[in-house]
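Working notes, structure below.
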Amino acid sequence: MSFPLLTATAALPAIGAIATAAVPAARRTAAKWLALLFSLATLALAITVLVRFDPDGERYQLTESHSWIADFGVRYELGVDGIAVALIALTALLIPFIVLAGWHDADPLETGSRRWRPTQGFFALILAVEAMVIISFEATDVFLFYIFFEAMLIPMYFLIGGFGDRAHEHGEEKAATQRSYAAVKFLLYNLAGGLIMLAAVIGLYVVAGNFSLTEIAQARANGELEMATSTERWLFLGFLFAFAVKAPLWPLHTWLPNAMQESTAPVAVLITAVVDKVGTFAMLRFCLQLFPEASKWATPVILVLAVISIIYGALLAVGQRDIKRLIAYASISHFGFIVMGIFAMTSQGQSGATLYMVNHGISTAVLMLIAGFLISRRGSRLIADFGGVQKVAPVLAGTFLIGGLATLSLPGLAPFVSEFLVLVGTFTRYPVIGIIATFGIVLAALYTLVLYQRTMTGPVKPEVAAMPDLKVREIAVVAPLVVLLVFLGVYPKPVTDVVNPAVKQTLSDVQKKDPQPEVEAAK
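The sequence shown stops at residue 534 when you use the working numbering, and every number in between is there.
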């Protein structure tokens with residue numbers, strides 16, 4: 012029996028969560044180091060998965076399959092394609108930086124303070140989320156996927172509500188109320204999506220007789236499983252609704268700004284760079300593969316919603332007074348690009364969307380973590396409370412600028428390649444949609460540069476005059492991510508080589524081919 016590598020990759024952070032939570036309360040530093048070690052060990056396993064994966068091999072590799080609830084056809088089935096491998100690598104890469112960035116985020120405010128949960132709980136919850144996200148990327152049994160798709164809401168709820176941002180202009184009591192509101196809103200939105208998806212999962216079982224993604228998709232491709240048009244569309248909508256909430260896609264996005272605003276910066280990165288990717292990933296894996304005809308039927312409406320997300324998110328980002336809310340609305344705009352690329356139904360669009368998931372995770376991590384360091388120094392999230400930071404903390408300002416330029420997709424940085432592919436892939440089939448989406452780039456330049464100008468340039472405000480520059484731990488967090496932004500900006504081939512074969516298979520599922528160019532290239 013071969014080593015269950017996929018199970019180990021998901022189980023290791025789960026074991027780390029239990030071990031970290033079990034550390035005595037008085038040994039907070041030991042809990043931090045234990046969480047960091049488990050996150051690094053998980054990264055090593057994720058790299059092993061990446062190395063062992065053959066992009067030109069079988070669609071799903073490193074597979075595991077065991078009977079679980081036999082009476083209901085539920086199996087413990089795991090397998091990864093190129094898209095899943097890329098996102099597992101992203102998740103495992105970001106968690107050590109999230110742990111390191113949040114090193115002091117759960118420390119008591121003062122000796123004997125009971126206003127914050129134990130430090131051990133903070134890091135244990137982060138590792139628990141990592142475990143659930145990874146197994147969601149690996150699951151090829153629909154019911155198994157659903158369980159962890161929903162289960163990750165529990166640790167996220169406690170991370171948002173119990174370990175929120177300490178920088179609040181209205182004091183601790185008001186901050187606690189707003190954290191609770193953000194956590195409950197996050198939970199209710201995602202639970203509502205999950206309940207609708209559960210009904211669709213049950214409906215799928217009634218129609219197909221099992222929960223195996225590979226078996227159902229194969230039966231559909233071979234004509235052995237027929238679905239009535241109305242049935243397929245209702246099931247598709249049930250899955251899509253849950254994924255659109257998680258993504259988040261307009262108009263189901265409103266939980267995200269609250270959740271990111273009230274979370275610590277590392278938890279905000281966990282939300283938008285890791286957890287939300289499960290929604291867009293699931294659109295590719297489940298919506299398109301299980302319901303190809305319904306996916307094509309819904310494409311025009313989904314593209315319109317995606318474009319609204321792009322423009323709406325960018326416009327609201329321009330008008331924000333809170334740094335974290337600005338980054339949250341920027342992420343809504345970026346997720347609009349990802350969804351647009353998925354449903355453009357072209358190889359460039361879907362390759363760009365998958366690459367965008369990876370690049371957005373890295374660029375948002377840089378921008379949000381630097382913003383977190385900035386906010387913790389000033390004790391405020393309000394843009395108006397900053398000014399002239401680049402004169403007193405040039406390294407902090409420089410890395411903040413790089414993160415901002417990546418967010419606006421500057422050529423030479425990683426998000427540019429993915430955004431360009433999404434726009435090209437969309438324009439070849441839906442030119443009007445592609446043209447409208449382009450305005451999102453202009454707005455991105457506006458909100459990013461205005462944010463930098465108002466916080467980093469101009470006269471030095473007295474409140475920031477003594478602001479320290481980045482410390483060694485903070486540089487260790489952002490420097491590798493900045494290097495990755497530059498590397499993938501000039502050489503994205505390592506990622507595209509992994510995801511492109513999976514994208515071609517996804518297009519084959521929906522029986523779509525790239526549009527032929529109107530003018531042939533000269534030979």
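Every residue gets a Cβ at the ideal spot worked out from N, C-alpha and C, and that includes glycine.
Note that the structure is a prediction, hence the values are computed from the model and not measured.
Backbone CA spacing between residue i and residue j [nearest angstrom]
{"i": "Glu149", "j": "His371", "result": "21 Å"}
{"i": "Ala117", "j": "Arg231", "result": "50 Å"}
{"i": "Gly398", "j": "Pro129", "result": "35 Å"}
{"i": "Gly451", "j": "Ala325", "result": "6 Å"}
{"i": "Ala21", "j": "Ala28", "result": "11 Å"}
{"i": "Ile227", "j": "Pro503", "result": "33 Å"}
{"i": "Pro268", "j": "Ser420", "result": "21 Å"}
{"i": "Phe154", "j": "Thr188", "result": "35 Å"}
{"i": "Arg126", "j": "Phe108", "result": "At Arg126, the pLDDT of 49 sits below 50, so the modelled position is not reliable; the number obtained from the coordinates is stated separately. Spanning the two alpha carbons is a distance of roughly 25 Å."}
{"i": "His264", "j": "Tyr340", "result": "9 Å"}
{"i": "Ala19", "j": "Val461", "result": "45 Å"}
{"i": "Asp333", "j": "Trp266", "result": "16 Å"}
{"i": "Val195", "j": "Val403", "result": "39 Å"}
{"i": "Val280", "j": "Ala376", "result": "6 Å"}
{"i": "Thr517", "j": "Arg296", "result": "8 Å"}
{"i": "Leu236", "j": "Ser519", "result": "17 Å"}
{"i": "Gly469", "j": "Tyr463", "result": "10 Å"}
{"i": "Pro526", "j": "Pro303", "result": "18 Å"}
{"i": "Gly123", "j": "Gly173", "result": "Interpretation of Gly123 is limited by its pLDDT of 45, a score under 50 that renders its predicted location unreliable; the figure taken from the coordinates is listed afterwards. Whole-angstrom Cα-Cα distance: 17 Å."}
{"i": "Val315", "j": "Val483", "result": "45 Å"}
{"i": "Pro166", "j": "Val140", "result": "6 Å"}
{"i": "Thr310", "j": "Leu47", "result": "42 Å"}
{"i": "Ser191", "j": "Gly68", "result": "47 Å"}
{"i": "Leu98", "j": "Pro422", "result": "23 Å"}
{"i": "Gln331", "j": "Tyr168", "result": "25 Å"}
{"i": "Val10", "j": "Thr225", "result": "This structure does not reach residue 10, given that the chain is present from 12 up to 534, and the question cannot be answered."}
From the options, residue whose alpha carbon lies closest to that of residue i
{"i": "Ile313", "options": "Val494, Pro24 and Cys298", "result": "Cys298"}
{"i": "Pro505", "options": "Ser342, Thr365 and Thr418", "result": "Thr365"}
{"i": "Tyr216", "options": "Ala293, Val280 and Thr242", "result": "Thr242"}
{"i": "Leu206", "options": "Ala162, Ser223, Met167 and Phe174", "result": "Ala162"}
{"i": "Asn233", "options": "Ala203, Leu301, Thr265 and Thr188", "result": "Leu301"}
{"i": "Ile343", "options": "Thr291, Leu48 and Pro259", "result": "Pro259"}
{"i": "Val406", "options": "Pro479, Ala142 and Ser78", "result": "Pro479"}
{"i": "Leu385", "options": "Met467, Leu199 and Leu416", "result": "Met467"}
{"i": "Phe252", "options": "Met238, Val286 and Ala210", "result": "Ala210"}
{"i": "Thr291", "options": "Ala255, Val433 and Pro277", "result": "Ala255"}
{"i": "Phe160", "options": "Leu138, Gly204, Ser191 and Gly173", "result": "Gly204"}
{"i": "Ile145", "options": "Gly415, Glu237 and Lys288", "result": "Lys288"}
{"i": "Gly445", "options": "Gln464, Arg392, Tyr458 and Ile321", "result": "Ile321"}
{"i": "Gln359", "options": "Ala42, Ser429, Ser191 and Thr53", "result": "Ser429"}
{"i": "Ala112", "options": "Arg190, Ala276 and Arg70", "result": "Ala276"}
{"i": "Trp44", "options": "Ala30, Ala57, Ala55 and Leu56", "result": "Ala30"}
{"i": "Leu89", "options": "Gly390, Leu17 and Ile26", "result": "Leu17"}
{"i": "Ser306", "options": "Ala57, Met356, Lys335 and Lys257", "result": "Met356"}
{"i": "Leu199", "options": "Arg465, Tyr157, Phe498 and Lys257", "result": "Lys257"}
{"i": "Lys335", "options": "Val453, Ser387 and Phe498", "result": "Ser387"}
{"i": "Ile338", "options": "Val369, Glu485 and Leu393", "result": "Leu393"}
{"i": "Leu202", "options": "Ala55, Leu164 and Glu485", "result": "Leu164"}
{"i": "Glu75", "options": "Ser13, Phe498 and Ala448", "result": "Ser13"}
Cβ-Cβ separation, residue j to residue i (assumed contact under 8 Å), whole Å
{"i": "Ile319", "j": "Trp245", "result": "Ile319 to Trp245, Cβ: 24 Å. No contact."}
{"i": "Ala455", "j": "Thr418", "result": "7 Å"}
{"i": "Gly500", "j": "Leu424", "result": "4 Å"}
{"i": "Ala193", "j": "Gln272", "result": "7 Å"}
{"i": "Ser362", "j": "Val514", "result": "5 Å"}
{"i": "Gly249", "j": "Met208", "result": "6 Å"}
{"i": "Leu136", "j": "Leu101", "result": "Actually they do not touch by this definition, with Cβ atoms about 20 Å apart."}
{"i": "Pro49", "j": "Pro24", "result": "Correcting the residue type first, residue 49 is Phe in the shown sequence and not Pro. Going by Cβ atoms, the distance from Phe49 to Pro24 rounds to 6 Å, so yes, they are a contact pair."}
{"i": "Val285", "j": "Leu105", "result": "6 Å"}
{"i": "Ala270", "j": "Phe197", "result": "5 Å"}
{"i": "Leu496", "j": "Ser374", "result": "6 Å"}
{"i": "Gly390", "j": "Thr459", "result": "With a Cβ gap of about 24 Å, Gly390 and Thr459 do not count as contacting."}
{"i": "Thr283", "j": "Ser223", "result": "Between Ser223 and Thr283 the Cβ distance is about 31 Å, and since that is not below 8 Å, they are no contact."}
### Query
Per the contact definition of three or more C-beta pairs closer than 8 Å, is the region 486 to 493 in contact with the region 369 to 386?
Using a Cβ-Cβ distance cut-off of 8 Å, the region 369 to 386 and the region 486 to 493 are in contact, since at least three pairs of beta carbons, one from each stretch, lie closer than that value.
#### Entry: contact_flag[the region 91 to 105, the region 502 to 512] where n(CB pairs < 8 Å) is 3 or more
Yes, since at least three Cβ pairs between the region 91 to 105 and the region 502 to 512 fall closer than 8 Å, the two stretches touch.
### Message
Give the list of continuous alpha helix (DSSP H) stretches no shorter than 4 residues that lie fully inside the region 247 to 318.
### Response
Segments of the alpha helix (DSSP H) lying fully in the region 247 to 318: 266 to 273, 276 to 280 and 288 to 293.
### Message
With a threshold of 8 Å, are at least 3 pairs of Cβ atoms found where one atom belongs to the region 33 to 43 and the other to the region 129 to 138?
### Response
When Cβ pairs closer than 8 Å are counted between the two stretches, the region 33 to 43 is seen to touch the region 129 to 138, the count reaching three or more.
#### Entry: Stretch-stretch touch, CB-based, cutoff 8 Å, three pairs: the region 393 to 407 with the region 468 to 486
In this structure the region 393 to 407 lies against the region 468 to 486, because at least three pairs of beta carbons, one per stretch, are closer than 8 Å.
### Task
Please list the segments of the alpha helix (DSSP H) lying wholly inside the region 78 to 143, counting only runs of 4 or more residues, in order along the chain.
Runs of the alpha helix (DSSP H) spanning 4 or more residues and lying entirely within the region 78 to 143 occur at 93 to 112, in chain order.
### Message
Taking 8 Å as the cut-off, does the region 349 to 366 touch the region 69 to 84 (at least 3 CB pairs, one atom from each stretch)?
### Response
In this structure the region 69 to 84 does not touch the region 349 to 366; the number of beta carbon pairs closer than 8 Å is below three.
### Message
Just to confirm the assignment: which complete alpha helix (DSSP H) runs, minimum length 4, are found wholly within the region 193 to 234?
### Response
Runs of the alpha helix (DSSP H) inside the region 193 to 234: 224 to 232.
### Task
Return the chain-ordered ranges of every alpha helix (DSSP H) run that is complete within the region 458 to 524 and spans a minimum of 4 residues.
The region 458 to 524 contains these whole alpha helix (DSSP H) runs: 483 to 501 and 504 to 520.
### Continuous alpha helix (DSSP H) assignments of at least 4 residues falling wholly in the region 368 to 400
Whole alpha helix (DSSP H) segments, 4+ residues: zero.
#### Entry: Complete runs of the alpha helix (DSSP H) confined to the region 396 to 429 [at least 4 residues]
If we require 4 residues or more, the alpha helix (DSSP H) runs fully inside the region 396 to 429 come out as 400 to 403 and 405 to 418.
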